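Here the structure is laid out as structure tokens; the discussion comes afterwards.
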Amino acid sequence: MGRKPLQQPNLLQGTLDLLILHALHRGPLHGYAIAQTIHLLSMEVLKVEEGSLYPALYRLELDGAITASWGASENNRKAKYYKITKRGQKLLAEQEATWNRLSGAVARVLAR
Amino acid sequence: MPIIRRILMKLSRRRRLEQEMEAELAFHRDLARENANPVDLGNTIRIQEEVRDLRRFTLVEDFWRDVVYALRSLRKSPGFAAIAILTLALGIGANTAMFTLLHRVMLASLPVEKPEEVIEVLGTRGDGPPGVAFSYAALQGLRRCTQACSSILGLSNNTFHALIDGNSMEQLSAQFVTGDYFAALGVSAVRGRTLLPEDDETGNGAAVAMISHSLWQTRFGGTPDTIGKVMILQKVPYTIVGVAQPGFVGVEVGRQIEVWVPLESERLMRRPSSTESTASKWIQIIGRLKPEISIEQATAELRVLYSKSIVENDIPELLNNPRVDSRFIESLKSWSLIIEPAGKGLNRTRQQYDKPLRVLMAIVGVLLLIACTNVAHLLLARGWTREKELAMRLSLGARRSRLIRELFTESLVLVTAGGLLAVFVAYVITSYLTAFLGNTLVLSIAPNPATLGFTAAVSIAAAILFGLLPALRGTDMDLVTRLKSGTPGSAQTRNYKWSNRLIVVQVALLLILVLAGGLFVRTLHNLNSIDLGFDRSNVLLALVDPFGTTHPPETMMALTAQLLERVQAIPGVKAASMTRFAPISGGSGVDLDFRVNREGADPLLARDVSVNNIGPQYFATLRVPILLGREFNDRDSAASAPVVILNQMFAERYFERASPVGKIIHLQDTPMEVVGVVRDSKYSQIRETVQPTVYRPIYQQFNTPVQLVIRTERSPETIAAAVRAEAHSVIGRSVSVRERTLEDNIGATIVQERLMTRLAALFGGLALILAVIGLYGVISNSVSRRSKEIGIRMALGFDRRGAVTLVLREVFRLVGAGIAVGLPLAVLLTRYLEKLLYGLTPDDPLNILTAVGALLLSALAAAFIPARRASRVDPALALRSE
Chain A
263 MGRKPLQQPN LLQGTLDLLI LHALHRGPLH GYAIAQTIHL LSMEVLKVEE
313 GSLYPALYRL ELDGAITASW GASENNRKAK YYKITKRGQK LLAEQEATWN
363 RLSGAVARVL AR
Chain B
983 MPIIRRILMK LSRRRRLEQE MEAELAFHRD LARENANPVD LGNTIRIQEE
1033 VRDLRRFTLV EDFWRDVVYA LRSLRKSPGF AAIAILTLAL GIGANTAMFT
1083 LLHRVMLASL PVEKPEEVIE VLGTRGDGPP GVAFSYAALQ GLRRCTQACS
1133 SILGLSNNTF HALIDGNSME QLSAQFVTGD YFAALGVSAV RGRTLLPEDD
1183 ETGNGAAVAM ISHSLWQTRF GGTPDTIGKV MILQKVPYTI VGVAQPGFVG
1233 VEVGRQIEVW VPLESERLMR RPSSTESTAS KWIQIIGRLK PEISIEQATA
1283 ELRVLYSKSI VENDIPELLN NPRVDSRFIE SLKSWSLIIE PAGKGLNRTR
1333 QQYDKPLRVL MAIVGVLLLI ACTNVAHLLL ARGWTREKEL AMRLSLGARR
1383 SRLIRELFTE SLVLVTAGGL LAVFVAYVIT SYLTAFLGNT LVLSIAPNPA
1433 TLGFTAAVSI AAAILFGLLP ALRGTDMDLV TRLKSGTPGS AQTRNYKWSN
1483 RLIVVQVALL LILVLAGGLF VRTLHNLNSI DLGFDRSNVL LALVDPFGTT
1533 HPPETMMALT AQLLERVQAI PGVKAASMTR FAPISGGSGV DLDFRVNREG
1583 ADPLLARDVS VNNIGPQYFA TLRVPILLGR EFNDRDSAAS APVVILNQMF
1633 AERYFERASP VGKIIHLQDT PMEVVGVVRD SKYSQIRETV QPTVYRPIYQ
1683 QFNTPVQLVI RTERSPETIA AAVRAEAHSV IGRSVSVRER TLEDNIGATI
1733 VQERLMTRLA ALFGGLALIL AVIGLYGVIS NSVSRRSKEI GIRMALGFDR
1783 RGAVTLVLRE VFRLVGAGIA VGLPLAVLLT RYLEKLLYGL TPDDPLNILT
1833 AVGALLLSAL AAAFIPARRA SRVDPALALR SE
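Chains as they are written, first to last, in our numbering: chain A, 263 to 374; chain B, 983 to 1864.
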């Protein structure tokens, strides 16, 4: 049974992981806040849907890049907060480097 | 079992995780709605599916799913599952049982502190085998070992009659030990205290006793007021001061000590005490080495001390004795000692059982291999029936590794069930074994971590052995051919080839077991058919022990004579007599030197003559022919002149052609007249060569206990109760009577050989049955596979005999190949058994012929039903079926 591909590839697979890790880089957030952060930071260009977000979160959790714990949200509701781990930090640094190299390369190609 | 716990935790957590996931998504949507953030409402279920998939990719859960799947598919074929599990349970169980024994005897450390430091000191005499015991003086000398040893301990085994609260108990297995025994071994008391050096002051031993935990539980009900109780041991009142820690039963495997008393208290029990003479070698010595001291260093120090003790004690004592030969004194210089590690127990039992246990372990190992090949057959056959299903799944994209894992999980499930059942099988076998061994080897055989670990390891090894091949074969196929039709594909044919190879291996293995089994059965048969010189059937022995009665010896003698008369009158008794030593008791007996005067020549000294004291009509009762003179009668009493009867060997060796009847021989200075010569019979061992033997009338030399020897008309057990009743009425209730048939008494001396034979025959028989089942399965599969071919042949004029020949040819081709492979191997391996055999060699041609014959016959039996089926193939049906 192979892993199902994410169905709405608005974001390149893998890029989403990078963005999530980046969003969590500054502190723990719940799922909705992660989506919002990415949305806002991208100047409302990128929209993360829950159909992509949650599988990605669970996968990262299983990989040990992030941990989850239940806490109270701003308006005092129970919410699941995700926090980046040491391993996640490392992953973030690696993926960021890869992305920068890749996007730079793509930009250079397109600039010609 | 952490893996199972993890599975259970995962499963219980799954529900909670899903609820949490729902809550999380709901929270997300609520926030989105509140912030008027248009969200593309994904399908919750789809997300959950995706997430669940993520989780499933953990190995544990996968494994669990495979297990559930395997259980489900096994439930669908309960016959297959039952046979496979039973086969495995037998194979693994037999291994566990033998390992339990092996572990107890050979591998387990004693329950003492730092067992690796514990050593055994064994006396040697020149080139003779080590193991000679030590005198009291030698013990005292060796106890001066202070450089290499942190302690040197003496112990001496005994059986004591015991009276507790006025009740006679059976004989207790007891040990005299030095006072520092428990402290040095690091064994503590659960109640009261251990024996202490103060209890064991030289010449002033205290009458205190320590008892084992199991004696405390069984005879004293585990009550705390046991401490301080007085127990009469051999007429000496001992006070119980402590109970040893549970599990400690001494330092010799197979002997469970129940009572320990101070070595010095021996002086209270025996007159004269064995401590007084260096001639009494009655003490075994163990010790504890200091840390970092090697066995060689300790040996050096102890040897010096031992030689010194011999020079200071043994030699002066012998020089004082005018009768001692100076050559004997000279030979003392060759006395020495060796040291063996004893952390696993004293060496005697271990050496004795070492080889038999190894051989039995090998036998059950082969049995397990045969069981595994059988299960492999079953799995291969099952693979064929599932071929289509597997082919379908492979073609739909299932990875082969995934299917192999799934098939192998099935094997693991089978082996787990088999392994659990095997613990029970092992328990049954070990219970039988310990019952069979009786008091020749007393062991606790409760399952312990080591044996359970062994079972688990063997089970997993078995699963790999029988499960891997079918899993690999079952998934290796050419999909196109497989899916196209129901006809056997190339993969299937290859599987049959594998199955055939397995049969060849199985037959080869089986041949080894059958050969070995045959060797042991013939050995026992040879032992049992040795001419002992007397008629052993229908004889009851009754050991009459006056311990606990207060009769003086003279009264006891009169009462015993009276008892004998009464016993002779019991209906069903043909003849009865008595003896000091029952024939073939396995070692007990007395050797004495006699002087034979000759006319016109120096007297001959007859050394180490076996001596027995017997009652009137003894030879008539045992049916030993009188060759010359007469047998003893009631007139040969303490009041009449001493008389003796010689065996043929004595007569021929010391009187040559002359008739000894009427001649005089001397025991020390007592002249004794020879009144008869009897045919030779064996004295204490089945395998001994007959030694010169002198019989004396029991009324001229009366010792207790006495063995009554009773020849009965029918089965001897039937009159046991009557004999006991007569003994109680004549001598008194406090007399102890132990009945046993002569056959049992003799059997007890070859218990090891009987055990080997029973087990080898049992396991060999099991292996044969398993192999026949395996062969049957393979042949009958092959017949159904070839039914079309047979049908065609029949349609073309083949007759029934032809069909049968076809099947038989296949059977004998396989079995023949197995024998060809197995025979050289078996002959090579059975050579190792040489020393355990009697009266034949491992390559005995008759045995090989019988084994091969037995194998061929069993093959015929296995082929019978399939061959008959082949002969009844209806060509029309076979051709039409598809």
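Ideal Cβ placement from N, Cα and C applies to all residues, glycine included.
These numbers come from a predicted model, not from an experiment.
- By the criterion of a C-beta distance shorter than 7 Å, B:V1786 is surrounded in its chain by A1849, A1852, S1853, once the five residues flanking it on both sides are discounted.
- Secondary structure of A:M305 (DSSP, three-state): coil.
- Those residues of the region 339-357 of chain A placed with their C-beta closer than 9 Å to a C-beta in chain B are R339, K340, A341, K342, ordered along the chain.
- Annotation: B:R1270 to B:G1161 spans about 15 Å, alpha carbon to alpha carbon.
- Spatial neighbours of B:N1482 in its own chain (CB-CB distance under 8 Å, excluding positions within 5 residues in sequence) are listed in chain order as V1760, L1796.
- Around the beta carbon of B:Q1001, a 10 Å sphere encloses fewer than 16 other beta carbons of the protein chains shown; the residue is thus reported as exposed.
- Here A:K340 has W332, A334 as same chain residues with Cβ atoms under 7 Å from its own Cβ, once five neighbours each way along the sequence are excluded.
- Looking at the backbone, the Cα of B:E1274 and that of B:C1127 are separated by about 16 Å.
- Residue nearest to B:V1765 within the set B:V1855, B:I1701, B:Q1683, B:V1809 is B:V1855 (criterion: CA-CA distance).
- For B:N1594, the pairing in a beta bridge is given by DSSP as B:Y1677.
- The contact set of A:E306 on chain B, defined by CB atoms closer than 9 Å, is empty, because the minimum CB distance reaches about 11 Å.
- Just so you know, the alpha carbons of B:E1234 and B:E1183 end up roughly 25 Å apart.
- Counting along the chain, B:Y1665 sits inside no beta strand (DSSP E), nor does DSSP assign it H or E at all.
- Following the DSSP letters along the chain, one finds B:M1538 inside the alpha helix (DSSP H) bounded by residues 1535-1550.
- The region 1721-1728 of chain B makes contact with the region 1565-1582 of chain B: 3 or more CB pairs, one atom from each, lie closer than 8 Å.
- Nothing from the region 1349-1369 of chain B brings a Cβ to less than 7 Å from some Cβ of chain A.
- Of the candidates B:T1561, B:F1563, B:D1590, B:T1200, B:D1590 places its Cα closest to the Cα of B:L1574.
- What A:G333 touches in chain B, judged by beta-carbon distance under 9 Å, is nothing: the nearest beta carbon there is about 12 Å away.
- Between the beta-carbon of B:L1385 and that of B:L1372 there is about 6 Å, and that keeps the pair under the 8 Å contact cut.
- In this structure, the alpha-carbon of B:L1541 lies about 15 Å from that of B:A1620.
- Exclusion of the five residues before and after B:G1174 leaves I1209, V1223, G1224, V1225 as the residues of its chain whose Cβ lies within less than 7 Å of its Cβ.
- Among the residues of chain A, none has a CB under 9 Å from the CB of B:F1448; the nearest is roughly 28 Å distant.
- Taking C-beta atoms as the reference points, B:L1342 and B:L1741 count as a pair closer than 8 Å.
- A:G293 reaches chain B at E1006, H1010, counting residues in chain order whose Cβ is nearer than 7 Å.
- In summary, B:I1411 is buried, with 16 or more beta-carbon neighbours lying within 10 Å of its beta-carbon over all protein chains present.
- Considering only B:P1097, B:S1559, B:T1281, B:A1353, the residue with the shortest C-alpha distance to B:L1484 is B:A1353.
- Between the alpha carbons of A:Y316 and B:A1428 lies a gap of roughly 54 Å.
- Among the bridge pairs identified by DSSP, B:C1131 is matched with B:L1271.
- Within chain B, no residue has its CB atom less than 7 Å from the CB of A:G289, the nearest being about 18 Å off.
- Going by beta carbons, B:S1289 and B:G1108 fall outside the 8 Å limit.
- From the beta-carbon of B:A1014, the residues of chain A found nearer than 7 Å are Y294.
- The Cβ of A:G326 sits no closer than 8 Å to any Cβ of chain B.
- Counting only the Cα atoms, B:W1046 lies some 38 Å from B:L1013.
- Judged by beta-carbon spacing, B:A1836 lies beyond the 8 Å limit of B:V1593, meaning their Cβ atoms are not closer than that value.
- For A:G366, no Cβ of chain B is located within less than 8 Å of the residue's own Cβ.
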